[in-house]
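Chemist: If you read the sequence shown in this note's numbering, its first letter stands for residue 60, the second for the next number, and so on.
Beta carbons are placed, not taken as given, at the ideal position from N, Cα and C, and that holds for glycine.
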Amino acid sequence: MLDFIFIFIALVVGAAGGGGSGAQSTASASVAVEPGASETAYVAEPQTPTGKFTTATEIKPIMSATKGNWVAVREYDGQDLVYFTQILAWRCGLVGVRYSINGGPMQDWPLAECQLDTAQPNAIPQDAIIYETHPLKSVQTLQVEIIYDDLTRDSAQFERKQVLMP
Numbered sequence: 060m061l062d063f064i065f066i067f068i069a070l071v072v073g074a075a076g077g078g079g080s081g082a083q084s085t086a087s088a089s090v091a092v093e094p095g096a097s098e099t100a101y102v103a104e105p106q107t108p109t110g111k112f113t114t115a116t117e118i119k120p121i122m123s124a125t126k127g128n129w130v131a132v133r134e135y136d137g138q139d140l141v142y143f144t145q146i147l148a149w150r151c152g153l154v155g156v157r158y159s160i161n162g163g164p165m166q167d168w169p170l171a172e173c174q175l176d177t178a179q180p181n182a183i184p185q186d187a188i189i190y191e192t193h194p195l196k197s198v199q200t201l202q203v204e205i206i207y208d209d210l211t212r213d214s215a216q217f218e219r220k221q222v223l224m225p
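1. Ignore the nearest five residues each way along the sequence and tell me which others in Asp-186's own chain have a CB closer than 8 Å to its CB.
2. Which residues does DSSP pair with Val-132 in a beta bridge?
3. Given a threshold of 16 other Cβ atoms within 10 Å of its Cβ, counted over all protein chains shown, does Tyr-158 qualify as buried or as exposed?
4. When the Cα atoms are used, what is the spatial distance from Leu-140 to His-193?
5. Is it buried or exposed for Thr-177, if we count other Cβ within 10 angstroms and need 16 for buried?
6. On the DSSP letters alone, give me the boundaries of the alpha helix (DSSP H) that Pro-120 sits inside.
7. Mind pulling the beta strand (DSSP E) runs of 3 or more residues that sit fully within the region 134 to 207?
8. Is it buried or exposed, Ile-205, if we count other Cβ atoms within 10 angstroms and call 16 or more buried?
9. Once the 5 residues before and after Cys-173 are set aside, which same chain residues still bring their CB inside 8 Å of it?
10. Please name the residue, chosen from Ile-188, Ala-215, Leu-210, Pro-225, that lies closest to Tyr-142 on a Cα-to-Cα basis.
11. By Cβ distance below 8 Å, which residues in the same chain neighbour Gln-166 in space, the five residues on each side in sequence not counted?
12. Quick check: the Cα distance between Val-132 and Val-198, rounded to an integer number of angstroms?
13. Should Thr-125 and Gln-145 be called a contact, given that it needs their Cβ atoms to be closer than 9 Å?
Here you go:
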């Protein structure tokens, strides 16, 4: 029941164009991958709603509403851990995730396969990569771009203090 309430809120906020994440963001309907940006050539997928949140059409309102939580930084065991779990939880409507730390070059984040033959295709597999490590206090800014399976894109920039976990 709680899932349906969250989904309803996400749909309402997404339809209203809100999100209130505090993250600086841009949205784009660009289909072409920027020259030299990524070696991956993406292909648009059909947008027939499945009811399982496996298409861009279904997850865009949720991703928009939760943009401020796309990534997190945690100080743990003398390191910065950069988490991508929020994005990974809705990866079935995505074809790619790219990120940059401290203004460095954009990198591709590995997306685990969707488990379409299960009741919860977006469940994160046990062997999925959900974070990466960096030297303590070294991550000051993050730029994230998600590429939906309809080939539209959305991006956000985060300062450390915006995404630092207590």
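Modeler: Well, looking at it:
1. Your numbering for residue 186 matches position 127 in the sequence shown. Cβ neighbours of Asp-186 beyond the five flanking positions: Ala-171.
2. Here residue 132 refers to the residue found at position 73 of the sequence shown. Note: Val-132 sits in a beta bridge opposite Val-141, Leu-223.
3. Stepping through the sequence shown from its first residue, residue 158 is reached at position 99. Under this definition Tyr-158 is a buried residue.
4. Here residue 140 refers to the residue found at position 81 when the sequence shown is read from its first residue. Here residue 193 refers to the residue found at position 134 when the sequence shown is read from its first residue. Taking the straight line joining both Cα atoms gives about 6 Å.
5. Along the sequence shown, read from residue 1 onward, the residue named residue 177 stands at position 118. The residue is exposed, with fewer than 16 neighbouring Cβ atoms inside 10 Å.
6. For the purposes of this step, residue 120 is taken as residue 61 along the sequence shown, with counting starting at 1. Per DSSP, Pro-120 belongs to the alpha helix (DSSP H) from 115 to 124.
7. 138 to 142, 153 to 160, 190 to 194, 200 to 207
8. Indexing the sequence shown from 1 puts residue 205 at position 146. When all chains shown are included, Ile-205 counts as buried.
9. Taking the first residue of the sequence shown as 1, we reach residue 173 at position 114. Here the set comprises Thr-113, Arg-150, Cys-151, Pro-180, Asn-181.
10. If you number the sequence shown from 1, residue 142 lands on position 83. For the residues Ile-188, Ala-215, Leu-210, Pro-225, the minimum Cα distance to Tyr-142 belongs to Ile-188.
11. Looking up residue 166 in the sequence shown gives position 107. For Gln-166, where only same-chain residues beyond five positions count, the Cβ hits under 8 Å are Arg-157, Tyr-158, Ser-159.
12. Here residue 132 corresponds to residue number 73 of the sequence shown, with the count starting at 1. Here residue 198 corresponds to residue number 139 of the sequence shown, with the count starting at 1. Between Val-132 and Val-198, the C-alpha separation is close to 8 Å.
13. By 1-based counting over the sequence shown, the position of residue 125 is 66. By 1-based counting over the sequence shown, the position of residue 145 is 86. Yes, they are a contact pair.
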